[in-house]
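Trainee:
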Amino acid sequence: MENEIKLTLEQEAPAAPTLTLEGAEPEEPQAQEGAKPTTLDESILSPEEQKMVDDFSQKINLQNSTMVMQYGSAAQRKIANFSDTALNNVRTKDLGEVGDQISNLVVELKGFDIDEEERRGFFGRFKNTGNKIIAMKSRYDSAETNVNKIAAALEKHQVQLMKDVVMLDQLYSMNLNYHKELTMYIIAGKKKLQQERATTLEQMKQKAKQTGLAEDAQAANDFAQQCDSFEKKLHDLELTRMVSVQMSPQIRLVQNNDKLMSDKIQSTLVNTIPLWKSQMVLALGLAHSEQAVRAQKEVTDMTNELLRKNADKLKMSTIETARETERGVVDMETLRHTNLSLIQTLDEVVKIQDEGRAKRRAAEAEIGRLEGELKQKLLDIHT
């Protein structure tokens with residue numbers, strides 16, 4: 001046991017767990033009606049502790065009401081303070097913040113992936129490749145800075161978690177010590193209670209029967225009630241002891257969570273982050289290789305494209321040149337068209353001339369008729 005347990009009747013309880021009959025504030029009994037008393041096995045105590053319990057039980061005075069009310073209160077108060085300490089340890093540890101930081105780390109690692117849409121055109125593709133590498137380097141620098149900040153914060157949390165694991169070990173040992181202390185209080189109290197009921201109470205009852213005096217009967221009744229109160233106080237201590245019993249696995253659960261989170265942080269720091277950095281460096285190297293391969297491919301493709309275009313142009317030029325050199329000065333189609341147009345022109349001229357002659361003859365006849373009508377009109381005027 002880390003802290004030595006001492007039985008004492010001093011007014012103030014020392015820092016180490018002790019058995020005392022005084023020095024604690026009175027508490028109301030929390031006995032549950034109908035609960036059966038718990039039988040504790042004294043074999044869990046060492047011979048020295050058993051002797052300490054036997055000696056201490058003889059100092060218990062059940063006729064002292066104040067002592068009965070305060071019995072074990074110091075140990076109960078230690079358990080209460082200890083529970084507050086353990087609870088505060090859980091409250092002040094924000095494992096959710098660690099989870100958030102790990103989530104932020106995942107976001108940073110995923111955010112490095114760059115997949116830009118390539119521009120069209122030979123020079124556009126070269127420019128886009130260069131921009132992509134620049135963007136990758138910029139994104140990597142930014143992500144690395146944020147990752148390092150998160151890693152530093154996680155390292156601080158890991159250090160605190162490791163300290164908490166050690167502290168919880170100490171709390172676990174303290175709880176075992178308090179549990180042993182309560183057990184000794186209960187065993188000593190039960191021994192004294194059993195002894196007093198079997199001796200002092202029976203003697204007081206026999207005295208009351210023999211004397212028949214009311215004050216002797218009242219004294220026996222008062223002592224019996226005092227024994228009942230002390231039994232309830234012991235039951236109250238057993239309830240407190242149960243709290244201590246439950247505290248041990250709870251401490252281990254919290255400690256195990258701290259260990260798991262510490263291991264998770266350790267894995268992130270020594271595996272995830274270095275692996276990510278190596279992969280990003282590899283990605284940058286591959287991007288440079290990709291740029292060189294793409295440049296060579298573009299040059300080769302452009303060379304082939306130029307050769308194909310020049311071959312097509314040479315073919316067309318050669319064919320047109322040959323075709324033009326084989327043509328006559330005047331195409332037959334042109335001669336036929338010209339001849340047909342000339343014939344049509346002559347026919348049209350002849351037709352127009354014939355129509356002109358016919359119109360002139362008609363006009364001459366019309367003029368003669370008009371002249372005759374005019375003469376006749378003049379003759380008619382003078383006659």
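Using UniProt numbering, read the sequence shown as starting at 1 and increasing by one per residue. Think of the CB as a built atom: it goes at the ideal place given N, C-alpha and C, for glycine as much as any other residue. Nothing here was measured: the structure is a model prediction, and the numbers come from that model.
1) By alpha-carbon positions, which one of T334, D228, L168, D169 ends up nearest to S65?
2) Out of curiosity, what's the CA-to-CA distance linking H337 and Q344?
3) So, F223 versus Q63, is the Cβ gap smaller than 8 Å?
4) Distance, Cα to Cα, M242 vs K51?
5) Say whether the segment 248-264 touches the segment 148-162, bearing in mind that this needs 3 or more beta-carbon pairs closer than 8 Å, one atom from each stretch.
6) If you compare alpha carbons, which of Y71, S57, D55 is closest to F230?
7) Kindly indicate which residue of K377, E371, E42, Q376 has the alpha-carbon position closest to the one of K190.
8) Over the uninterrupted alpha helix (DSSP H) stretch that includes G368, give me the two end residues.
9) Distance, Cα to Cα, K163 vs Q255?
10) Using the C-alpha atoms, what's the distance from T240 back to E28?
11) With 16 as the cutoff for other CB atoms within 10 Å, does I79 come out buried or exposed?
12) Just how far apart, CA to CA, sit Q376 and V349?
13) Tell me, to the nearest whole angstrom, how far the beta carbon of T183 is from that of I44; I am working on the premise that it is less than 8 Å.
14) In this structure, how does DSSP classify N61 when only helix, strand and coil are distinguished?
15) Flag this pair as yes or no: are the beta carbons of K192 and S57 separated by less than 8 Å?
16) Could you check what DSSP says for G189 in three-state terms: helix, strand or coil?
17) Please say whether S248 and Y172 have beta carbons closer to each other than 8 Å?
18) Where does Y178 fall in DSSP's three states?
19) Just to confirm before moving on: does the CB-CB distance between G204 and A188 stay below 8 Å?
20) Fully enclosed by the segment 209-296, which beta strand (DSSP E) runs are 3 residues long or longer?
21) Taking M280 as the reference, which of D141, V68, D354, F82 has the closest Cα?
22) Leaving out the 5 sequence neighbours to the left and right, which residues in its chain are closer than 6 Å to residue 412 when beta-carbon positions are compared?
23) Going by CA-CA distance only, name the one from I273, H179, M69, L168 that's closest to T145.
24) Regarding D228 and the ligand FAD, is the C-beta to nearest heavy atom distance less than 7 Å?
25) Distance check for M69 and K233, CA to CA, integer angstroms please.
26) With distances taken from CA atoms, which of V166, G212, I352, L176 is nearest Q246?
Mentor: Walking through what the data contain:
1) Considering only T334, D228, L168, D169, the residue with the shortest C-alpha distance to S65 is D228.
2) The straight-line gap from Cα to Cα measures roughly 11 Å.
3) For the pair F223 and Q63, the CB atoms are nearer than the 8 Å cut-off.
4) Spanning the alpha carbons of M242 and K51 requires a straight line of approximately 24 Å.
5) With the cut-off at 8 Å, the segment 248-264 and the segment 148-162 touch.
6) Minimum Cα-Cα distance from F230 among the listed residues Y71, S57, D55 corresponds to Y71.
7) When K377, E371, E42, Q376 are compared, the shortest CA-CA separation from K190 is found for E42.
8) Boundaries of the alpha helix (DSSP H) harbouring G368: 332-382, taken from the DSSP string.
9) The C-alpha of K163 lies about 11 Å from the C-alpha of Q255.
10) Legend: pLDDT at E28 = 40, less than 50; position of this residue unreliable, value from coordinates given subsequently. Distance between the alpha carbons of E28 and T240 is about 13 Å.
11) Burial call: buried.
12) About 41 Å.
13) So it is a contact: roughly 7 Å between Cβ atoms.
14) N61 falls in the coil class under three-state DSSP.
15) Using a Cβ distance threshold of 8 Å, K192 and S57 count as a contacting pair.
16) DSSP places G189 in helix when its eight states are reduced to three.
17) Going by C-beta atoms, Y172 is nearer than 8 Å to S248.
18) Three-state result, Y178: helix.
19) Position check: residue 204 holds Met in this sequence, whereas Gly was assumed. Between M204 and A188, the gap from beta carbon to beta carbon reaches 8 Å or more.
20) Every candidate beta strand (DSSP E) stretch fails here, since none sits fully inside the segment 209-296 while reaching 3 residues.
21) Out of D141, V68, D354, F82, the CA that lies nearest to the CA of M280 is found in D141.
22) The requested residue 412 is not part of the displayed model; the chain covers only 1 to 383.
23) Selected option, being the one with the closest Cα: I273.
24) Here there are no bound small molecules, and the ligand FAD is not part of this structure.
25) Rounded to the nearest whole angstrom, the CA to CA distance from K233 to M69 is 7 Å.
26) Checked all of V166, G212, I352, L176; the closest Cα to Q246 is L176.
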